[in-house]
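Quick notes on the structure that follows.
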Amino acid sequence: MAAQLPSTFIERMKELLGTEYEQFADTYKQTPYGGIRVNTLKITVQELLERSPFELQPIPWCPTGFYTEDGTRPGKHPYYHAGLYYIQEPSAMAPVELLNVQPGDRVLDLCAAPGGKSTQIAAKLQGQGLLISNDLHPERTKALAKNLELYGVRNGIVLNESPDRIAAAFPGFFDRILIDAPCSGEGMFRKDEDMVKQWEPGTPRKYADMQRDILRSAAEALTPGGTIVYSTCTFAPEENEGSILEFLASHPQFTAVPAGGAGSFSPGLGELPEAARLWPHKVKGEGHFMAVLRHDGSSAAQGDTGNADTALPVSVHSKRGKAPMAAKAPGGRGDGGRGGKGGRASGKGSAPKGREPQGSGEEAALAAFAEFCREQLGWQPDGCPVMFGDHLYISPLPKEALDGLKTIRPGWYVGHVRSGRFIPGHPLATALKPSECCRSLSLSSGNGEAVSYLKGETLAIPEQRLSVKPESTSKGYVLVCIDGFSAGWAKWQEGMLKNEYPAGWRWT
Ligand SMILES: C[S@@+](CC[C@H](N)C(=O)[O-])C[C@H]1O[C@@H](n2cnc3c(N)ncnc32)[C@H](O)[C@@H]1O
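Take the sequence shown: its letters are residues 1 to 508, numbered as in full-length UniProt numbering.
And the structure:
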């Protein structure tokens, strides 16, 4: 590590660690650990281990996480482009394991960009329930949306909102909330020298103030009996035990439950031993802090919005065994607020400004989509159709539920309508399995053809290489897979595969 650690930081760490300080300081001479996490939406751990082109060693606190060897470049393998794994710092895989997400849960990831933990949550949901991934910074939500698309997430919504506005729109709604808080980043100094340069003695206090507000909003958005996991990548006690103790003092319905872990976690400091710390001189990973906060189930914490189930806007199948609810704007937030009227979707699926879905236009688009599904898939995805201009999303929530919220992706982007025809979107392909398509083709990761496809090249493909369902013809959209795992669309006609892999995603 070339950057000089700030002297105030060194003094603080000496005070915190006492005799352990020298051991801790030695870690700055070591290379940080790299890791990948298997995307179980697309492949099982066992299958990835059997196919892995590089050496993998298990990460003790995450059953889908593996250390990669120094010098390995997992981002330069076609499997990365097929969304089979996420490249993630090993300690950063711990907080979601503590969140204990179950398929069917309603989960909010409040500080989500670029999406490492959101993709981990989505894998645990296995397409059931709801994931809302939010980030305050608009630029950062682009990478977040792209990652959810690359990893084949069907039940995710991406927002660009402040936590208090999300809490006002969804009071008492979420079963589980992750706050991977903005922090002074001291635990990342070894890996990210920019964090060192940005650090000043007042930085931890500044972030602690921000964290207090985020925690308060999360408490309002949580259902009675729900769980919040709070994490940071800093050592600063005021941002860790300090933020949590302050929260607990003002929210008596919550308790910190033991974070335990797989024996790798150290207890929180001082009055919060239930929390967990990952120290770089004790584990193979960077510095992290985590606390698990459980609500006692009383509805008082939610004020007069207490009965969360009555306010459900969700169309996802509830684990509580209730039928999907009718479309309803939650929390009385249909007033537009800061975000103005109507949601907003940006990027490929964005609506032209001020344009609302047209009744008959929407019907025509849905009919075109239904026809596409019949001809190309042989089935149709469930969910609430949400249109922005000509662009269609399948959402786990009705459109009204997102009214007034800055919405980057209201759901799974399935495509758009042009001249009455449905053009499938790239995220539709990345979330499909070959068995869910009438036509598919598997390219090999080992002989250069997958890379040619990822570069956007046209390929000569004889008809007999296509897998075509009995009732379909060979000509048309093909789900292109890499060793059997979906990567994108192409169109096949007379031996030629016209590449539909989007320019912004290509292999460089
Ligand atoms: C530690 S990073 C999140 C990393 C992410 N969870 C992941 O695993 O990829 C913290 C994020 O919080 C966002 N952020 C900062 N202030 C925020 C706020 N008040 N509300 C929501 N997000 C905020 C930052 O833009 C940043 O992306």
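Built from N, CA and C at the ideal position, the CB exists for glycine as well.
Every value quoted in this text rests on a predicted model; they were computed, and no experiment measured them.
Starting from ALA291 and walking both ways along the beta strand (DSSP E), at which residues does that stretch end?
-> Reading the sequence shown from its first residue, position 291 is the one you call residue 291. Here the beta strand (DSSP E) through ALA291 covers 288-295.
Residues near ALA112 by beta carbon distance below 7 Å, same chain, minus five either side = Position 112 of the sequence shown, counted from the start, is the residue given in the question as residue 112. Within the same chain, ALA112 has close Cβ partners SER118, SER133, ASN134, ASP135, LEU144.
Going by DSSP, which residues form a beta bridge with ALA460?
-> Position 460 of the sequence shown, counted from the start, is the residue given in the question as residue 460. In DSSP, ALA460 forms a bridge with MET496.
Compare the C-alpha of THR255 against each of GLU239, GLU238, GLY116, THR227 and name the closest.
-> Translated into the one-based positions of the sequence shown, residue 255 becomes position 255. When only C-alpha atoms are compared, the closest one is THR227.
Go through the region 174-208 residue by residue and report every complete run of the beta strand (DSSP E) that reaches 3 residues or more, in order.
-> 174-180
With C-beta atoms as the reference, is ALA181 less than 8 Å away from TYR230?
-> In the sequence shown, the residue the question calls residue 181 occupies position 181. In the sequence shown, the residue the question calls residue 230 occupies position 230. Taking 8 Å as the Cβ cut-off, ALA181 and TYR230 qualify as a contacting pair.
Considering only C-alpha positions, which residue in the set MET210, GLU47, GLN493 is nearest to SER243?
-> Numbered from its first residue, the sequence shown carries residue 243 at position 243. Out of MET210, GLU47, GLN493, MET210 has the C-alpha closest to the C-alpha of SER243.
CB of ARG190 to nearest heavy atom of ligand 3: below 7 Å?
-> This structure lacks ligand 3; the ligands present are ligand 1.
To the nearest whole angstrom, what separates the beta carbons of GLU97 and TRP61, a pair I think is in contact under 8 Å?
-> Counting from one through the sequence shown, the residue named residue 97 turns up at place 97. Counting from one through the sequence shown, the residue named residue 61 turns up at place 61. Yes, GLU97 and TRP61 are in contact; Cβ-Cβ is about 6 Å, under 8 Å.
Got a sec: does ligand 1 put a non-hydrogen atom nearer than 7 Å to the Cβ of MET195?
-> Numbered from 1 along the sequence shown, position 195 holds the residue referred to as residue 195. Result no, Cβ not under 7 Å from ligand 1.
Please name the residue in PRO90, GLU400, LEU108, MET290 whose C-alpha comes closest to that of VAL257.
-> Numbered from 1 along the sequence shown, position 257 holds the residue referred to as residue 257. Cα-wise, what sits closest to VAL257 is MET290.
Would you list the one or two residues that DSSP bridges to ILE132?
-> Within the sequence shown, numbered from 1, the residue matching residue 132 stands at position 132. Partner(s): LEU108, ILE157.
Please state whether DSSP places PHE9 in a helix, a strand or coil.
-> Residue 9 sits at position 9 when you count from the first residue of the sequence shown. PHE9: helix per DSSP, three-state reduction.
Going by the beta-carbon positions, is the gap between ASP164 and SER250 smaller than 8 Å?
-> For this step, residue 164 is matched to residue 164 along the sequence shown. For this step, residue 250 is matched to residue 250 along the sequence shown. Taking 8 Å as the Cβ cut-off, ASP164 and SER250 do not qualify as a contacting pair.
Which whole runs of the alpha helix (DSSP H) in the region 362-450 are 4 residues long or more, in chain order?
-> 426-430
Using the C-alpha atoms, what's the distance from LEU441 back to SER467?
-> Numbered from its first residue, the sequence shown carries residue 467 at position 467. Numbered from its first residue, the sequence shown carries residue 441 at position 441. In a straight line, the C-alpha of SER467 is about 6 Å away from that of LEU441.
Decide if the region 28-37 is in contact with the region 78-86; the criterion is three or more beta carbon pairs, one per stretch, under 8 Å apart.
-> yes
Expressed to the nearest angstrom, what Euclidean distance is found between the alpha-carbon atoms of SER346 and LYS282?
-> Numbered from its first residue, the sequence shown carries residue 346 at position 346. Numbered from its first residue, the sequence shown carries residue 282 at position 282. Because SER346 carries a pLDDT of 39, less than 50, the predicted location of this residue cannot be relied on, and the following value inherits that uncertainty. Each residue's Cα considered, the two are about 43 Å apart.
Coil, strand or helix - PRO502 by DSSP = As a working note, residue 502 is residue 502 in the sequence shown. Coil, per DSSP.
Looking at CYS62 and ligand 1, is the gap between the Cβ and the nearest heavy atom below 7 Å?
-> Counting from 1 along the sequence shown, the entry for residue 62 is found at position 62. It does not: the Cβ of CYS62 is nowhere closer than 7 Å to a heavy atom of ligand 1.
Cα-Cα separation between ALA364 and PHE388, rounded to whole angstroms = On the sequence shown, residue 364 is found 364 positions in, with the first residue counted as 1. On the sequence shown, residue 388 is found 388 positions in, with the first residue counted as 1. C-alpha separation (whole angstroms): 14 Å.
Report yes if the C-beta distance between GLU238 and ARG212 is below 8 Å; otherwise report no.
-> In the sequence shown, the residue the question calls residue 238 occupies position 238. In the sequence shown, the residue the question calls residue 212 occupies position 212. Contact flag unset, no.
Exposure label - HIS295; buried when at least 16 CB within 10 Å = By 1-based counting over the sequence shown, the position of residue 295 is 295. With 16 or more other Cβ atoms within 10 Å, it is buried.
Report whether the distance from the Cβ of PRO182 to the nearest heavy atom of ligand 1 is below 7 Å.
-> Within the sequence shown, residue 182 is the residue found at index 182, counting from 1. True, at least one ligand heavy atom lies under 7 Å from that Cβ.
Would you please state the rounded distance, in angstroms, between the beta carbons of PHE54 and PRO32? I believe it to be under 8 Å.
-> Taking the first residue of the sequence shown as position 1, residue 54 is located at position 54. Taking the first residue of the sequence shown as position 1, residue 32 is located at position 32. So it is not a contact: roughly 17 Å between Cβ atoms.
Give the secondary structure of SER467 by DSSP, where H, G and I count as helix, E and B as strand, and everything else as coil.
-> The sequence position of residue 467 within the sequence shown is 467, counting from 1. Reduced to three states, the DSSP call for SER467 is strand.
By Cβ distance, which residues of its chain are closer than 7 Å to ALA25, with the 5 residues on each side in sequence left out?
-> As a working note, residue 25 is residue 25 in the sequence shown. Cβ within range, chain order: n/a, list empty.
Mind the definition here: the region 456-474 touches the region 406-414 only if three or more C-beta pairs lie below 8 Å; say whether that holds.
-> no
Same chain, Cβ closer than 8 Å to PRO267, five either side skipped, listed in chain order | Within the sequence shown, residue 267 is the residue found at index 267, counting from 1. PRO273, GLU274, ALA275, ALA276, ARG277.
Contact under 8 Å by Cβ, ALA122 with LEU131 = Indexing the sequence shown from 1 puts residue 122 at position 122. Indexing the sequence shown from 1 puts residue 131 at position 131. Yes, the Cβ-Cβ distance between ALA122 and LEU131 is below 8 Å.
Neighbourhood of SER472 by C-beta distance below 7 Å, restricted to the same chain and skipping five residues each side = Within the sequence shown, the letter at position 472 stands for residue 472. Excluding sequence neighbours, SER472 sits near CYS438, ARG439.
Where GLY321 sits in the DSSP three-state scheme = Sequence index remark: in the sequence shown, residue 321 carries index 321 (1-based). Low local confidence applies: a pLDDT of 37 at GLY321 is under 50, so the model's placement there is unreliable, with the coordinate-based value given in what follows. In this structure, GLY321 counts as coil in the three-state DSSP scheme.
Per-residue DSSP class, three states only, for THR68 | Indexing the sequence shown from 1 puts residue 68 at position 68. Reduced to three states, the DSSP call for THR68 is strand.
Helix, strand or coil at LEU144 [DSSP, three-state] = Within the sequence shown, residue 144 is the residue found at index 144, counting from 1. Looking at LEU144 - three-state DSSP - the assignment turns out to be helix.
Are the CB atoms of ALA208 and PHE170 nearer to each other than 8 Å?
-> In the sequence shown, counting from the first residue as 1, residue 208 sits at position 208. In the sequence shown, counting from the first residue as 1, residue 170 sits at position 170. No, the pair does not count as a contact, with Cβ atoms beyond the cut-off.
Sheet register partners of THR227 (DSSP bridge) | Locating residue 227 in the sequence shown gives position 227, counting from the first residue. According to DSSP, which records beta bridges pairwise, THR227 is partnered with ARG176, ARG294.
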